[in-house]
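Engineer: Numbering (this note's numbering), first residue to last: 44 to 206. Quick one: the structure is below, questions incoming.
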């Protein structure tokens, strides 16, 4: 996936945590969907005009311009929403009175369960290199079980798939 929804340098991408990376990927997917719909609309319009022998009329240019303006506005809304989410997540990732948020020392309970899943998965993937030991460590982690809730069995299934 090519990420072009926002411009970040390589060091800035490296500084993103797993939750922020998932936000960027989701925003990029929404942008790609918007662009694909606009392109499909333009293609449909072109073939409809071609069918009616009006392909060289100014209708295509006007409608194409209108569709592109709507597409650019929708993409810009997604981009602004992503910037807001990233800045908000950066504020929330600083920590609390117990120190910076890090799993398992000081888990961030402000995250959604899907974001918690990404944090815990990233923790186990980073800290335990052997797949069998990784699965065993996670299966004995009672904090992960309460922290992830319904996502805990999914994490175990994922880690088991690496064995």
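Don't be surprised by glycine CBs; every beta carbon is placed ideally from N, CA and C.
Considering only residues of the same chain and omitting the five flanking positions on each side of residue 146, which have a CB-CB separation below 7 Å?
Structural biologist: Excluding sequence neighbours, residue 146 sits near 162, 163 and 166.
Engineer: Between which two residues does the alpha helix (DSSP H) containing residue 178 stretch?
Structural biologist: 174-182
Engineer: For the alpha helix (DSSP H) that contains residue 171, what are its first and last residues?
Structural biologist: Taken as a continuous stretch (DSSP letters only), residue 171 belongs to no alpha helix (DSSP H), as it is neither H nor E.
Engineer: For residue 74, tell me which candidate among 84, 56 and 120 has the shortest Cα-Cα distance.
Structural biologist: Across the set 84, 56 and 120, the C-alpha of 120 shows the shortest separation from the C-alpha of residue 74.
Engineer: Rank 85, 53 and 128 by C-alpha distance to the C-alpha of residue 65 and give the top, closest one.
Structural biologist: 128
Engineer: Do you know how far the Cα of residue 57 is from the Cα of residue 168?
Structural biologist: 16 Å
Engineer: Can you have a look at residue 83 and say buried or exposed, based on whether 16 or more other CB atoms are within 10 angstroms of its CB?
Structural biologist: Residue 83 should be labelled exposed.
Engineer: In three-state terms, what does DSSP make of residue 99?
Structural biologist: DSSP places residue 99 outside both helix and strand once states are collapsed to three, so it counts as coil.
Engineer: Comparing C-alpha positions only, which one of 50, 59, 159 and 103 sits nearest to residue 193?
Structural biologist: 159
Engineer: Let me check understanding here. Comparing Cα to Cα, which of 113, 184, 148 and 177 lies closest to residue 78?
Structural biologist: Residue 113 is the option with its Cα nearest to residue 78.
Engineer: Is the beta carbon of residue 195 closer than 9 Å to that of residue 152?
Structural biologist: no
Engineer: Taking 8 Å as the cut-off, is the C-beta of residue 159 nearer than that to any heavy atom in the ligand SAM?
Structural biologist: In the structure on display, the ligand SAM does not appear, and there are no ligands present to speak of.
Engineer: Assign residue 53 to buried or exposed, taking buried as 16 or more other Cβ atoms, counted over all protein chains shown, within 10 Å of its Cβ.
Structural biologist: exposed
Engineer: To the nearest angstrom, how far is the alpha carbon of residue 94 from that of residue 67?
Structural biologist: 40 Å
Engineer: Is the CB-CB distance between residue 88 and residue 110 below 9 Å?
Structural biologist: The Cβ-Cβ distance between residue 88 and residue 110 falls below 9 Å.
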